[in-house]
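Step one of this worksheet: look at the structure below.
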Ligand SMILES: [Zn+2]
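Residue numbers (the numbering used here): 8 to 314.
Structure follows, in structure tokens:
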């Protein structure tokens with residue numbers, strides 16, 4: 008009888024221990040699944056946020072930021088910080104120059120020269136502030152973006168259909184060029200440009216889009232434009248960056264004009280520009296109705312990012 012009792016007691020203990028082991032096992036499996044999902048999430052470039060239009064209306068800078076693919080977030084933040092740093096530096100320079108004017112009795116010619124420089128600083132400050140907002144807008148948009156450093160003399164923007172992401176292809180380790188290409192990415196979000204479905208080439212890109220991109224680049228680093236961009240005319244100030252300067256830009260090696268290609272519109276157009284106005288914008292392309300219909304059906308706009 009006594010032995011029987013001990014047996015029953017042992018059996019109960021075994022049942023309890025067994026149950027605890029099973030519970031621990033289940034918890035462990037669930038935890039592993041959760042971790043696997045987390046890893047999946049960080050590699051998942053298909054995820055879009057719910058549709059919204061906050062990137063230009065009622066924009067909320069505190070909104071969740073998940074439109075840059077996870078692996079590029081640190082790099083993206085590094086570039087944004089660099090632009091912020093440049094803004095602080097130029098603001099300080101401007102204040103310093105203003106103090107010199109205020110505290111000294113300067114010759115008119117020198118005072119004039121300094122005032123012109125202050126004026127240029129002010130314009131650059133305005134553009135850099137806008138660029139920082141563009142960084143924020145990109146980070147919280149409905150479209151997904153990836154950073155793609157390339158070993159080339161110029162960058163571009165393409166749409167990766169397999170991954171459903173806009174690829175910012177910029178010259179490796181070249182922040183001025185990144186700022187330039189990022190401006191085009193912002194233009195895509197605004198409906199200023201789109202992509203053709205099969206060739207991944209930009210659609211509706213025009214000389215005015217390039218003027219904005221080069222101005223943003225100049226505001227961040229004037230030397231990257233003055234010294235590194237070869238054009239038929241010379242840039243000394245922001246005002247010199249206009250459509251005719253862009254038309255004059257040449258490939259540094261082949262020396263051909265880069266923006267004479269047929270897909271660069273010479274008029275300011277966007278994805279909503281009526282068909283009849285495209286003849287003027289693309290003088291080298293013959294738009295018969297069939298072609299146009301085809302073209303309009305096959306473009307990818309920011310609206311394709313919504314689901
Ligand atoms: Zn460009």
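Here a beta-carbon is modelled for each residue, glycine too, at the ideal position from N, C-alpha and C.
Owing to the predicted nature of the structure, the values given are computational and were not obtained by experimental measurement.
Requested in this report: Apply the 10 Å Cβ neighbour rule to residue 16 and answer buried if 16 or more other Cβ atoms are within range, or exposed otherwise.
Outcome: Residue burial is scored here from C-beta neighbours: residue 16 has fewer than 16 other C-beta atoms within 10 angstroms and is therefore classed as exposed.
**Report entry** Where the alpha helix (DSSP H) containing residue 184 begins and where it ends
**Finding:** Segment 182–197, the alpha helix (DSSP H) holding residue 184.
Query raised in the report: When burial is assigned at 16 or more other CB atoms within 10 Å of the CB, is residue 53 buried or exposed?
Result: For residue 53, the predicted structure reports a pLDDT of 23, less than 50, and the residue's modelled location is therefore unreliable. A value from the coordinates is still provided. It is exposed - the Cβ of residue 53 has fewer than 16 other Cβ atoms within 10 Å.
Query raised in the report: How big is the Cα-Cα spacing for residue 309 and residue 196?
Result: Rounded to whole angstroms, the gap between the alpha carbons of residue 309 and residue 196 is 5 angstroms.
Report task. Alpha carbon to alpha carbon, how far is residue 218 from residue 176? Give it in angstroms, no decimals. Result -> When rounded, the distance between both Cα atoms is 19 angstroms.
Requested in this report: Go ahead and pull the three-state DSSP assignment for residue 288.
Outcome: Helix.
**Report entry** Nearest residue (CA-CA) to residue 190, options 241, 137, 167, 180
**Finding:** Per the Cα distances, 137.
Query raised in the report: Under the three-state reduction of DSSP, which class applies to residue 264: helix, strand or coil?
Result: DSSP places residue 264 in strand when its eight states are reduced to three.
Query - Closer than 6 angstroms: residue 217 CB and nearest ligand 1 heavy atom - result: The nearest non-hydrogen atom of ligand 1 is less than 6 angstroms from the C-beta of residue 217.
Query raised in the report: Of the residues 180, 166, 78, which one's Cα is nearest the Cα of residue 174?
Result: Considering only alpha carbons, the answer is 166.
Requested in this report: Could you tell me whether the stretch 122–137 touches the stretch 152–159, where touching means 3 or more Cβ pairs closer than 8 angstroms?
Outcome: Result no; under three Cβ-Cβ pairs closer than 8 angstroms.
Query - CA nearest to the CA of residue 250, picked from 268, 214, 163, 221 - result: Measuring from the Cα of residue 250, the nearest candidate turns out to be 214.
Query raised in the report: How big is the Cα-Cα spacing for residue 271 and residue 264?
Result: Whole-angstrom Cα-Cα distance: 12 angstroms.
Query raised in the report: Whose C-beta lies closer than 7 angstroms to the C-beta of residue 192 among residues of the same chain, with five residues either side of it excluded?
Result: These residues qualify, in order along the chain: 145, 152, 164, 173, 175.
Query raised in the report: So who's on the other strand from residue 156, going by DSSP bridges?
Result: Note: residue 156 sits in a beta bridge opposite 177.
Query - Unbroken alpha helix (DSSP H) run spanning residue 164, endpoints - result: For residue 164, no alpha helix (DSSP H) segment is defined; the enclosing uninterrupted segment is the beta strand (DSSP E) at 163–167.
Query raised in the report: Cβ of residue 220 versus every heavy atom of ligand 1: is any distance shorter than 6 angstroms?
Result: Within the cutoff, so yes.
Requested in this report: Tell me whether residue 246 is buried or exposed, calling it buried when 16 or more other Cβ atoms sit within 10 Å of its Cβ.
Outcome: The residue in question, residue 246, is exposed, as its Cβ has fewer than 16 Cβ neighbours within 10 Å.
Requested in this report: Name the residue from 198, 269, 194 whose alpha carbon lies nearest to the alpha carbon of residue 140.
Outcome: Among 198, 269, 194, the Cα nearest to that of residue 140 belongs to 194.
Query raised in the report: Where does residue 218 sit, in a helix, a strand or coil, going by DSSP?
Result: Residue 218: helix per DSSP, three-state reduction.
Report task. Check residue 239 in the structure and name its three-state DSSP category. Result -> In the displayed model, residue 239 falls within coil according to three-state DSSP, outside both helix and strand.
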